[in-house]
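See below for the structure under consideration.
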Amino acid sequence: MTPKSTPPKKASDRKLELFKEAQEYKKAIDSQVNELKTETFQVGKTTLIIGGVLAGAYLLFNLFVKDDKKSKKQKIVIDENSNLPVVVSEEPANDSWIVSSIKGYILAFLMSIAKEKILQAFTHLNEDNAEKVNT
């Protein structure tokens with residue numbers, strides 16, 4: 174795509190030559206745009222997979238772990254001495270150590286699955302990038 178040192182003799186020949194060069198540049202730009210599209214699609218897909226795995230792990234974590242602020246029950250009781258309403262909060266019963274340990278093992282297992290999926294996605298991305306660099 175370097176310009177020629179000897180210009181053509183006719184203007185129509187020069188016009189035809191410039192048109193061919195423009196078409197070559199257009200093809201090169203189109204191929205680069207298509208490569209960017211496919212790369213962006215792969216990155217987006219991988220990002221969605223990672224986000225889905227993390228969101229699922231977060232939801233499962235919240236399902237197994239109780240929030241102390243939400244689990245406290247409040248009850249309004251009228252005090253007999255002053256006849257005023259009094260708010261009494263009741264502490265929920267704690268889980269046994271067996272239930273807590275089972276929850277811990279389940280969470281560790283789910284987090285290891287999430288970690289494996291994220292590592293697989295990164296490996297897939299690195300392989301795709303290596304293939305593109307080699308070509």
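Here the sequence shown is numbered in this note's numbering, starting from 174 and rising by one per residue.
By construction, the Cβ of each residue, glycine as well, lies at the ideal position given by its N, Cα and C atoms.
It should be emphasised that the depicted structure is a prediction, and the values quoted were computed from it without experimental measurement.
Pull up the distance between the alpha-carbon of residue i and that of residue j, whole angstroms please.
{"i": "S255", "j": "N235", "result": "41 Å"}
{"i": "T211", "j": "A230", "result": "29 Å"}
{"i": "E304", "j": "K276", "result": "42 Å"}
{"i": "T296", "j": "V272", "result": "36 Å"}
{"i": "K199", "j": "K193", "result": "10 Å"}
{"i": "V306", "j": "E300", "result": "10 Å"}
{"i": "A184", "j": "A195", "result": "16 Å"}
{"i": "N267", "j": "F282", "result": "23 Å"}
{"i": "E208", "j": "W270", "result": "55 Å"}
{"i": "K188", "j": "I202", "result": "21 Å"}
Where do the N-terminal and C-terminal ends of the alpha helix (DSSP H) with residue i fall, by residue?
{"i": "N235", "result": "184-237"}
{"i": "S269", "result": "Taken as a continuous stretch (DSSP letters only), S269 belongs to no alpha helix (DSSP H), as it is neither H nor E."}
Report the option in the options whose CA atom is closest to the CA atom of residue i.
{"i": "L280", "options": "F237, K305, D301", "result": "F237"}
{"i": "L233", "options": "G224, M284, W270, E197", "result": "M284"}
{"i": "A228", "options": "A287, Q205, L292", "result": "A287"}
{"i": "I291", "options": "T220, A195, D186, D268", "result": "T220"}
Should residue i be labelled buried (16 or more other beta-carbon atoms within 10 Å of its own) or exposed?
{"i": "V206", "result": "exposed"}
{"i": "V226", "result": "buried"}
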